[in-house]
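Read the structure below first, then the notes.
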Amino acid sequence: MMWPVAPSIYVQIFAVSLGVLLVSVGRLRKKRSTPPGPDGLPFIGNLLDLPKREAWQVYLDWSKHYDSDILSMKVPGAQFFILNSAKVIQDLLVKKANIYSNRPHSTLLKDLIGITWLIPFMNNGERWREHRRLFRREFETAEASAVNKTHEVVAARKLLRRLLSSADHEGEIRLAVVDAIMSTTYGISLEDLNHPFVTGPEGANAIFADVARGEYIVDVFPLLRYLPTWVPGTVFHAIAKKGKALADSLLMDPYGQVQAEMANGTACSSVASRFLSADQDGTVSETEKEALRNVCGNAYLGGADTIVCSLYSFVIAMALYPDVQKKAQISLDAVLEGGRLPEFEDFLDLPYLSAVINEVLRWHPVTPFANYHASTEDDAYEGYHIPKGAIMIPNTWAILHDERIFGPDTDKFDPERFLKADGSLRLDLSEIDVVFGFSKRACPGRVMAKDTLWIMMASILTAYTIADPFDMDGNVLTAESHLEYTTALVSFPPHIRVSFKPRIAESVIHESLSE
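Spelled out as structure tokens, the structure:
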């Protein structure tokens with residue numbers, strides 16, 4: 024069950040039935056103190072209180088109303104705890120990670136679509152630990168990162184070349200990100216916006232987000248999964264069929280292509296090809312083979328939408344805050360002297376760019392709610408009872424907009440909040456790391472994500488000025504414009520139109536790809 028926002032009316036109706044069955048049991052239990060929250064209604068609890076839009080802001084407003092950084096809500100069959108501050112998350116999800124590291128169960132996602140191979144949805148256990156170990160080995164060590172960076176640089180420069188003639192900046196950015204990930208992971212280079220490897224992650228994540236909204240009754244009544252497809256109300260079977268086919272394709276097709284290329288001697292160096300080469304003597308266990316294939320699929324599916332979304336927000340921020348963009352370009356020009364494109368070796372010389380990236384991640388986090396956690400035993404916190412099976416919802420957005428941490432005007436895009444008076448990068452704002460999750464469940468792909476964001480943003484700002492922001496209706500956008508991000512697992516900004524105006528000689532871009 025995953026209900027970050029209001030579920031459909033069908034779920035609400037069916038949930039009433041469950042509420043009627045549970046209410047008598049609930050009355051027999053000794054009432055224990057729970058954190059504040061909306062009162063709710065008989066039988067259905069807070070089902071009608073779940074926000075439909077921008078839930079992260081609604082929950083933060085509730086925290087102010089109830090003067091509490093932890094909130095609670097009940098719906099039939101589940102109890103939610105909204106965690107709205109860094110302290111509460113540190114106290115529960117970090118300090119007590121041993122009992123808060125599991126994931127809530129979704130019958131549709133896990134049992135029917137079958138995404139048990141995705142690391143973020145695995146429960147805390149040996150299988151999860153083995154997958155994270157392999158991910159770190161292939162993507163987070165210094166040796167692996169050095170190899171991966173070469174692919175990220177090439178993808179960034181190909182993006183610059185395409186932007187010279189394309190007006191579809193969103194499509195080109197998506198292609199660049201997927202190209203970087205696919206080159207690193209599978210040795211597959213992509214040039215076509217409409218290639219299934221480019222469009223697939225977006226389609227899969229759209230289905231996952233749809234399921235997470237609580238639209239499907241099978242996540243309230245799991246036994247309904249056994250009903251035949253012709254029974255009214257079992258549309259979840261069609262969603263499961265579509266989602267499973269897409270998820271399986273994303274996992275198996277790229278890996279299968281590398282296996283075929285290995286067989287005919289045409290495979291490029293990649294995480295998958297290096298592993299398959301090492302397995303030629305047959306000493307690798309079937310369990311590790313499956314885990315490595317899954318790890319490649321996680322890098323691909325897990326990284327695509329999140330990195331793309333951050334870059335979309337970056338484009339918007341630069342267009343809406345031209346003074347910030349100009350400062351970043353001045354810092355780049357001072358290092359690059361107008362004669363070349365950025366390299367990773369320039370990283371330490373560009374603290375303002377690092378501050379811009381941190382501010383992009385803070386200003387509109389791609390996941391306003393971190394992946395939900397589930398308690399594995401009863402617990403108590405500041406006098407409140409937290410039952411076994413409770414669903415913990417970390418409000419990442421609330422932390423990243425906490426003025427006690429990040430200073431005033433947190434709705435404003437201001438990289439200066441990450442800089443010291445002398446212009447060097449502040450290292451004390453560790454709270455920015457919450458964008459990648461918490462404790463044991465922190466995103467294993469954060470190194471690759473940060474590297475890709477850095478080289479893409481540095482390259483774009485070196486080669487182009489982003490200007491002339493308009494919404495899709497032709498209205499001029501300013502820093503005061505309200506931008507409504509989607510309410511989903513990955514929260515995308517609205518589509519906008521901008522101009523990419525070259526600021527270096529085109530020859531520099533073309534020559535960079537021939538080096």
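Using this note's numbering, the final residue of the sequence shown is 538, and nothing's skipped along the way.
Where a beta carbon is used, it is the ideal one built from N, C-alpha and C, also for glycine.
These figures come from a predicted structure and were not determined experimentally.
Simplified DSSP state of residue i, which is helix, strand or coil
i    : result
V358 : helix
K53  : Legend: pLDDT at K53 = 41, less than 50; position of this residue unreliable, value from coordinates given subsequently. Correct three-state label for K53: coil.
H505 : coil
V521 : strand
Y404 : strand
Y335 : helix
V499 : strand
S540 : Residue 540 falls outside the range modelled here, since the chain spans only 24 to 538, and no answer is possible.
H396 : strand
D92  : coil
D346 : helix
Y123 : coil
S168 : helix
G60  : coil
T488 : strand
N418 : strand
I211 : coil
Span separating the alpha-carbon of residue i from that of residue j
i    : j    : result
G460 : E360 : 38 Å
P224 : Y323 : 8 Å
Q102 : F436 : 35 Å
L94  : L182 : 44 Å
T501 : D432 : 16 Å
E284 : A314 : 20 Å
L476 : S56  : 44 Å
L376 : A351 : 6 Å
D92  : N418 : 10 Å
A413 : D445 : 46 Å
S504 : H192 : 21 Å
F158 : H387 : 27 Å
E214 : D302 : 30 Å
E534 : L364 : 10 Å
F523 : R185 : 11 Å
T252 : R155 : 37 Å
V389 : F337 : 11 Å
D84  : L423 : 14 Å
G256 : E238 : 11 Å
Contact under 8 Å by Cβ, residue i with residue j
i    : j    : result
L135 : F144 : no
R449 : N394 : no
L512 : A109 : no
E405 : I122 : no
P4   : Y344 : The first residue shown for the chain is 24 and the last is 538, placing residue 4 beyond what the model contains.
R248 : Y278 : no
S333 : V383 : yes
I138 : I416 : no
T208 : V294 : yes
W140 : G320 : yes
P374 : S447 : yes
A421 : P127 : no
R347 : P245 : In the sequence as displayed, the identity of residue 347 is Val instead of Arg. No, the pair does not count as a contact, with Cβ atoms beyond the cut-off.
L250 : P525 : no
M96  : P59  : no
D402 : N171 : no
Closest by C-alpha distance to residue i, when choosing among the options
i    : options                   : result
A528 : A486, M415 and P74        : A486
L73  : V521, T510 and S537       : T510
S86  : D474, V521, E161 and D425 : D425
N69  : G100, E382 and E507       : G100
V258 : P245, I240 and F244       : I240
E77  : R520, S300 and E507       : E507
A340 : L355, T289, R520 and W253 : R520
G288 : G210, V307, F523 and N217 : G210
R469 : K350, S168, A261 and W151 : S168
G148 : Y89, A120 and N381        : A120
V531 : D402, V318 and G362       : G362
S462 : N125, P58 and G63         : N125
E163 : S514, S537 and P467       : P467
P391 : S522, H128 and A232       : A232
A179 : S212, G430 and N107       : S212
R297 : E439, R160 and F66        : R160
D242 : I353, G226, H260 and F220 : H260
K264 : P245, I230 and Y82        : I230
I380 : L442, R150, G430 and D402 : L442
Counting Cβ pairs closer than 8 Å, one from the segment 446–457 and one from the segment 492–499, do we hit at least three? no
So, does the segment 369–377 touch the segment 472–492, judging by three or more C-beta pairs under 8 Å? yes
Is there contact here, the segment 263–275 with the segment 162–176, by at least three beta-carbon pairs under 8 Å? no
Decide yes or no for the touch test of the segment 188–201 against the segment 326–334: beta carbon pairs closer than 8 Å, at least 3 of them. yes
Kindly confirm or deny that the segment 402–417 and the segment 115–125 touch, where touching means at least three C-beta pairs closer than 8 Å. yes
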